[in-house]
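A.B. asks:
Protein chains: 2
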Amino acid sequence: MSAAAILDLGKIPSKVNPELQSERDCSSLTPYISEITAIVDGGRNNTEKRRQIERILFKDPLFRDCAIDSVYKPRDEMYARGVERSVRLFALKEEYNWTDEEFGIAVYVINHQYSLGLHTVMFIPALERLSTEQQKAKWLHLARNYQIIGTYAQTELGHGTNLQGLETIATYDATTEEFILNTPTVTSIKWWPGALGKSVNYAIILATLIIDGKKHGMHPFLTPLRSTEDHKPLPGVKVGDIGPKLTFNTVDNGYLILNNVRIPRENMLMKNAQVSREGHFTSRGPSKANYSAMILVRVTIVNWCSVILSNSSTITVRYSAVRRQSTLDSSSEKESKILDYQTQQYKVFPSLATAYALFFVSKTLKNRYLKTYAEIMKGNFKNLPEIHCQSAGMKALSAEMTVELLEISRQACGGHGYLAASALGDAVASAKALVTVEGENTVLYLQVARYLMKRFAAAVSGERLSGSTEYLCMDPIKYSCPINSPGDCMNVSLLCQVYRFRAYRMISKAARMLQRDIEGGKKQHKAMNDNLVQLVRAARAHLLYCMMVDYKESMNQLQISVPVSKALNNLLVFFTVFNIVKNAGDFLETESIGLPQMEWLKETEVKMLAEIRPDAVSLVDAFDIHDNTHGSVLGCYDGNVYERMLKSTQNEPLNQCDVHYSFHQHLKPFLQRNNTSKL
Amino acid sequence: MSAAAILDLGKIPSKVNPELQSERDCSSLTPYISEITAIVDGGRNNTEKRRQIERILFKDPLFRDCAIDSVYKPRDEMYARGVERSVRLFALKEEYNWTDEEFGIAVYVINHQYSLGLHTVMFIPALERLSTEQQKAKWLHLARNYQIIGTYAQTELGHGTNLQGLETIATYDATTEEFILNTPTVTSIKWWPGALGKSVNYAIILATLIIDGKKHGMHPFLTPLRSTEDHKPLPGVKVGDIGPKLTFNTVDNGYLILNNVRIPRENMLMKNAQVSREGHFTSRGPSKANYSAMILVRVTIVNWCSVILSNSSTITVRYSAVRRQSTLDSSSEKESKILDYQTQQYKVFPSLATAYALFFVSKTLKNRYLKTYAEIMKGNFKNLPEIHCQSAGMKALSAEMTVELLEISRQACGGHGYLAASALGDAVASAKALVTVEGENTVLYLQVARYLMKRFAAAVSGERLSGSTEYLCMDPIKYSCPINSPGDCMNVSLLCQVYRFRAYRMISKAARMLQRDIEGGKKQHKAMNDNLVQLVRAARAHLLYCMMVDYKESMNQLQISVPVSKALNNLLVFFTVFNIVKNAGDFLETESIGLPQMEWLKETEVKMLAEIRPDAVSLVDAFDIHDNTHGSVLGCYDGNVYERMLKSTQNEPLNQCDVHYSFHQHLKPFLQRNNTSKL
């Protein structure tokens, strides 16, 4: 077909691109793809359930282009569409009687492209967690029935990480039995909460409680912000959108200024603390359930990272199998698939392997969380610090890995990966948010590091440790590198020992440096600050070891066919080796391995690229991501990349007319200013 | 001032934020800032010239918000504004009689926020380079006088890197003395050229010349695309915008479909090859001047990377000096400046140091280019391969470093660094483009690697080398690590030896691996592909060594005061040490250093953070970047971060009314569907 014809039609060939078809025809994994899909979905029933939800959603034009249409729309329309989608989604939930889990699948299917997520993800759970039974009876029904729409407003312009620094205040007025809410300084203005700007009419406001001039800590106040009739901001409330972000622009993250806003005493959510009519304050201290909510969100982020990488790997691998450029063999007439270049594999496969790794890691972490949560519910808090450390750390490490690897694989798509229509830029931007939200990464690493320093001190003092830090009791003298031949580099159990020893040495080094500085006369806090960089390194080393163990053990529990086992094991080995080579300095420096081992590992690494290569397309097909979910012109199942790129230009506002108005307004007067004669 | 009052006024305090003022008061470098500014500008006269241009531009409202206003505008308006700015900029150039260099400064001052850059950056230079004298006489005047607006159209949907694969054809028709241009396949459609979509009326089209069915290689054809009267596409021309990109959305990168478009024979630009009336083809082969144009662009990109990092460091350092969060010392009442955290310094200072490093490196590279260019003009091509390799490699390494470090420093600004108004996301997106344009990074690394393999083979065969690869003649047996004490880690000359040896060993290893594979029976191309990852590593190692040497030597040539020398030297040492620690695995693996040295280097690294800390704000002030140029709410000279953030919300379209129309359209009907009673 000629180029002109294709563009006129905006037509996509009905057949799968032969480049992609040949990949599927040649991969021995192809017949087993559905087996992997079932693993990823958590069972064949779940796969069917997800596909059913996809069918429901994508028969509706409102959702069909959800992943990509926003790049062509001004913010204003983007938001309006996000609201429309929210409402439709809520209605579908009711119509099909979706469980919360099914609703979560629907959100994943539409790639989070809706505006009112905070209502279900934060507002309702917070109401459940923080309200008395009486309050629940009053408010939960309204929220679940969407008669009120709410969000959770904690972060302020000046404070995110340090919650103790929040400045919003709620002063009790016993004469009227009301709280008076104020954001008294510029830095106290609420800033960032999702859906706050234009959408919600209620918010749970975190504020410092003041009674008779005395501070009583932070508490949640359910506060009406807009009229439920005409949606106008209520008196004393100034609210708006904080402006565009790197992505998530369907969501109206907002600011909120409160100027003597009065709410009834009953609107303080009083599960954990009460204020009586007379202004008497009593507290049970914060509920452990609050912590566990935070932990669960972080565990969820690890999974989200896996989802982002699955999406993007689907795009980058398929495109790399379609794109041909230059030749590997100069005697060949045909250009080579870029996926056949070792360097391309080295940019694309780490993302693919990490997508699988984080899937398995998040599964294990979720199970561990559920186990610990059950213990906590029975009053056993023994494992709370451990799960807190694990979830915080894994969130940080996963998000960091995802941003880095995803960007490299985006770059591997060259210029076309720079187009918004590739959807890769947006994926990177989403991942970047995960570095900061729900605990800034470095802050989390340092929480892990502090935990490790405590555990290490306990180990040194002879305490027997359990859980992820058990190994800190080891006798390092007894370590000898277990990798004794190139073949050992394929043995993940042996490599885990290497990871463990590296972590031990990094942690003990950090402890030694701290001790040295303190013994040298530095104050504790100064010694701490002077070693933060090493402490973060130690935390990362520990977390990477934990990740390896969880990944390996989760894989071990699978009941799978031989071809699937082989393919997934290739990814496991590659991931394990890749992360040693990537952190080679640490491994050598800690003498966890020696120079010959490093040489073998690098050879194993590139060997594994070649092993993964034939199954690469099958391994992304197995994620079974709907084309409308990833939304990329480069990554569709049919591989008709170039035709889709051409078609996508029809969505560009600039192309809605042949001659843009700016020609008449600006360009023409200038071009013809000196000369009115024809050329 | 209360929060409510400030927002209502959208008022920015007239005083510098005391947090930033105290930094300036305390830095001993403050009195010497103008000395550094002069270095960066290339002399005090140039500083004055730049400021003069800033005054001219920023008294015009059209340019005042140029760096940031596009984030609030739909694509359509963004583009229109870019056209308007282009026209105004061209008019100012004429009005003030700016030289090309001064025009370049103006473009830098408005942060490239205009649409028609390709006309001056590519179209006119290409006309100059590729035209005969007769053609120049005809076309150059029209182009320089903006009577025609043009671009350079080379890249196609299916081909960027591999120019040999381009598919557009120009068939000579001797009967009419015309060329017939066609894009015969989907993949041949021109795709990416800047300003092609909506703006230009002419393009230099790269196409394969065909005469009587015989191909004669690629040549440039000056082709009218749109009517100079009404701007409508000419017959056979289908042209449009390719859709939004990660940034640069004021530019209408375009696609172009040519369907039997006829142009006169005289429109083939015939400096390097001619087609006579009768269709007789003669060629002088491509001009060396073509290569040198490509080299110059790459050299410019190294400088551009420095500019991007200067901009972003200005933002991240100032914000880090204003932002307080948590406390380092729990006994302190006041929260700590985040710039005082070692981890923050470790995220922000590498960008700052690299901004300076790349400034000096690009200066040296530019001088080397000019010297080689002068030689070439005299017919001496001896140093062409060397400068080709250097410029290609430095472009790749600089762009790679910039994307990576910039993103880390963006993350260091937490949530606020995720706001479009921070301007950091856009800076990262700009840097990402530089990885791909003007030679994809990996392709360039491999060009360098192939050059190195040749030079290494020459060295092994006893040839005496000169230039950057001279060291390949070394006898590795004679190397012993020159770092013999912690103090040696401050000695950049010694560290350069370490870099050199690492490069040598990485290169010799790659050569050995290739040789082994070929001797093992692999074909050349297979052996090559199986070692691409190591070849890229070797190229990087070589380039990093070259960068260190150029940086050090460029610094040595400065005539500067002691305080400036000390401050810049701190950055040099930090940069040198940082890049060893970052690549620790390589340095240890090649035995360029041992374990004790690595320990010392890591200690030096964090020590240097503390050395740089007091002067950090001065070091970014010295870039003297106008607030309107970086356009960030976080990075202004006055440090009134939070007030500017608040004010920026006034630009957000969603905030133009209290109640968004989507409430009435979508939300209200849903909220009230079950219940019409008031809450």
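Top line first, the protein sequences correspond to chains A and B. Letter by letter, the first sequence follows residues 1 to 679 of UniProt numbering. Letter by letter, the second sequence follows residues 1 to 679 of UniProt numbering. The beta carbon of each residue, even a glycine, is placed where N, CA and C say it ideally should be. In this text the structure is predicted, and so the values were computed from the model without any measurement.
1. Compute the Euclidean distance between the alpha carbons of B/P264 and A/N655, then round it to the nearest angstrom.
2. Which chain B residues are close to A/L127, counting only those with a beta carbon under 7 angstroms from its beta carbon?
3. Using a Cβ-Cβ cut-off of 6 angstroms (strictly less than) and excluding sequence neighbours within five positions of A/A622, which residues of its own chain qualify?
4. Quick one, which residues of the region 304 to 335 of chain B are near chain A if we go by CB-CB under 9 angstroms, in chain order?
5. In its own chain, which residues sit with a C-beta less than 8 angstroms from the C-beta of A/M490, not counting the 5 before and 5 after it?
6. Within the 8 angstroms Cβ cut-off, does A/H660 reach chain B?
7. For A/R500, name the three-state secondary structure that DSSP assigns.
8. Which residues in chain B have a C-beta closer than 8 angstroms to the C-beta of A/I12? List them in chain order.
9. For the beta strand (DSSP E) that A/K214 lies in, which residues bound it at each end?
10. Does B/F670 come within less than 8 angstroms of chain A when only Cβ atoms are used?
11. Which residues in chain B have a C-beta closer than 7 angstroms to the C-beta of A/M645? List them in chain order.
12. Give a yes or no on whether the minimum CB-CB distance between B/S28 and chain A is below 8 angstroms.
13. Determine whether the beta carbon atoms of B/L181 and A/Y642 lie at a separation below 8 angstroms.
14. Should B/M506 be flagged as near chain C, meaning a C-beta pair shorter than 8 angstroms?
15. Straight-line CA distance for A/E19 to A/L258?
16. With DSSP as the reference, label B/A106 as helix, strand or coil.
17. By the three-class DSSP mapping on this structure, what secondary structure does B/Q274 have?
18. In whole angstroms, what is the alpha-carbon distance linking B/G639 and A/E95?
19. Could you tell me which chain B residues have their CB closer than 7 angstroms to the CB of A/N162, listed as they occur along the chain?
20. Name, going along the chain, the residues of the region 473 to 489 of chain A whose beta-carbon falls closer than 9 angstroms to a beta-carbon of chain B.
21. Note down, in chain order, each residue of its chain lying with its Cβ closer than 7 angstroms to the Cβ of B/I56, except the 5 sequence neighbours on either side.
22. Start and end of the beta strand (DSSP E) containing B/P350?
23. Considering only their Cβ atoms, is the gap separating A/Q411 from B/T436 smaller than 8 angstroms?
24. What does B/A622 touch in chain A if you count any residue whose Cβ is under 9 angstroms from its own?
25. Give the straight-line distance between the Cα atoms of A/Q515 and B/Y356, rounded to the nearest whole angstrom.
26. So with CB distances below 8 angstroms, who are the chain A contacts of B/I149?
27. What are the boundary residues of the beta strand (DSSP E) that includes A/F123?
28. In chain A, which residues lie less than 7 angstroms from B/F663 when you measure between Cβ atoms?
29. Report back the beta-carbon spacing between A/L222 and A/V237 to the nearest angstrom; my notes put them in contact at under 8 angstroms.
30. Quick one: residues in its chain with C-beta nearer than 7 angstroms to the C-beta of A/M474, no 5 flanking neighbours on either side, listed in chain order?
31. For B/N253, which option in B/Y79, B/K552, B/P31 has the closest C-alpha, if you only look at C-alpha atoms?
32. Label A/M1 either buried or exposed according to how many other C-beta atoms from any shown protein chain fall within 10 Å of its C-beta, with 16 as the threshold for buried.
33. In three-state DSSP terms, what is B/D241?
34. Quick one: grab the DSSP three-state call for A/P235.
35. Work out the CA separation of A/L62 and B/V659 for me, nearest whole Å.
36. Which residues does DSSP list as the beta-bridge partners of A/M506?
C.D. replies: The relevant details are as follows:
1. Cα-Cα distance, rounded: 29 angstroms.
2. Close to A/L127, with beta-carbon spacing below 7 angstroms, lies no residue of chain B; the smallest spacing is near 15 angstroms.
3. The answer, listed in chain order, is I33, I36, T37.
4. Those residues of the region 304 to 335 of chain B that come within reach of chain A (Cβ to Cβ, closer than 9 angstroms) are R323, R324, Q325, S326, T327, L328, D329, S330, S331, S332, E335.
5. Excluding sequence positions up to five before and after A/M490, its CB lies within less than 8 angstroms of the CB of V573, T604, all in the same chain and listed in chain order.
6. Cβ-Cβ to chain B under 8 angstroms: yes for A/H660.
7. Looking at A/R500 - three-state DSSP - the assignment turns out to be helix.
8. Within 8 angstroms Cβ-Cβ: nothing; A/I12 doesn't reach chain B, min ~11 angstroms.
9. Here the beta strand (DSSP E) through A/K214 covers 214 to 224.
10. The beta carbon of B/F670 falls within 8 angstroms of a beta carbon belonging to chain A, placing the residue at that interface.
11. Correct list: L157.
12. It does not; no Cβ of chain A falls within 8 angstroms.
13. No, they are not a contact pair.
14. Looking for chain C here will not work: the only protein chains present are A and B.
15. Approximately 60 angstroms, taken between the alpha carbons.
16. If DSSP states are grouped into helix, strand and coil, B/A106 belongs with the helices.
17. DSSP, read as helix, strand or coil, puts B/Q274 in strand.
18. Each residue's alpha carbon lies about 52 angstroms from the other.
19. Residues of chain B passing the Cβ test: Q325, S326, E335.
20. The residues in question: there are none.
21. Contacts found: L92, Y96.
22. Counting along the chain, B/P350 falls outside any beta strand (DSSP E), though it belongs to the alpha helix (DSSP H) covering 342 to 377.
23. Against a cut-off of 8 angstroms, the Cβ pair of A/Q411 and B/T436 comes out as a contact.
24. Residues of chain A passing the Cβ test: none, with the nearest at roughly 26 angstroms.
25. Their backbone Cα atoms lie some 36 angstroms apart in a straight line.
26. Neighbours of B/I149 on chain A, chain order: L667, L671.
27. Per DSSP, A/F123 is not a residue of any beta strand (DSSP E), being assigned neither H nor E.
28. Near B/F663 (Cβ distances below 7 angstroms), the residues of chain A are H231.
29. No, A/L222 and A/V237 are not in contact; Cβ-Cβ is about 14 angstroms, not under 8 angstroms.
30. Excluding sequence neighbours, A/M474 sits near Y504.
31. Nearest to B/N253 by alpha-carbon distance, out of B/Y79, B/K552, B/P31, is B/Y79.
32. No answer about A/M1 holds up, because its pLDDT of 45 lies below 50 and its placement is not dependable.
33. Of the three classes helix, strand and coil, the one that applies to B/D241 here is strand, per DSSP.
34. Note: A/P235 maps to coil in three-state DSSP.
35. Roughly 23 angstroms separates the two Cα atoms.
36. Paired residue(s): none; A/M506 is not in a bridge.
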